[in-house]
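Asker: Before I ask anything, let me first share the structure, which is written out below as structure tokens.
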Amino acid sequence: MFAHKEKKKEPDPFQKQNPFEAFGPEKQLQEQKEQQEKLRTQSLLLSDSELMTTARRSFEDAVKREFERLKKKAPKKKQKKHKKVTKKQAKKQLPPRKKKQKHKSGKLKRKKRK
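According to our numbering, the sequence shown is numbered sequentially starting from 36.
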């Protein structure tokens, strides 16, 4: 199925190495690069959570700034001045009073005391 892909060639452990290569400056540079790569991957793993928190904070800050900008842009509502109400208008605003009940003769009914 995956015959078209070539396998990566691994170094043969039984192959003789050049004795100068094993301890030369190139070998030291290669080891330093490998160590740096390991440290970088570790720091990336550790800083993922930090990156997420900083990303979230920056996003929240951006949202706040956008909200403030839109708030400034929005037309301000003018406060309505308190109008003086006449007695006649105030009476109309109140709910109607309950009419007192009357007898058939026209006299007002009195409340019974208990």
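Using N, Cα and C, we set each Cβ at its ideal position, and we do this for glycine too.
If residue 137 and residue 144 are in contact, beta carbons under 8 Å, what's the gap, nearest whole angstrom?
Answerer: Right, their Cβ atoms sit about 6 Å apart.
Asker: Please give the ranges of any beta strand (DSSP E) in the region 56-120, keeping only runs that are unbroken, at least 3 residues long and fully inside the region.
Answerer: Complete beta strand (DSSP E) runs here, min 3: none at all.
Asker: Between residue 122 and residue 129, what straight-line distance do the alpha-carbon atoms span, to the nearest angstrom?
Answerer: Cα-Cα distance, rounded: 11 Å.
Asker: When every heavy atom of the ligand MN is checked, does at least one fall within less than 8 Å of the C-beta of residue 145?
Answerer: Within the structure as shown, the ligand MN is missing, as the structure has no ligands at all.
Asker: Would you give the residue range spanned by the alpha helix (DSSP H) that residue 126 belongs to?
Answerer: Taken as a continuous stretch (DSSP letters only), the alpha helix (DSSP H) holding residue 126 covers 122-128.
Asker: Which same chain residues, not among the five before or five after residue 135, have their C-beta less than 6 Å away from its C-beta?
Answerer: Excluding residues within five positions, the ones whose Cβ falls inside 6 Å are 143.
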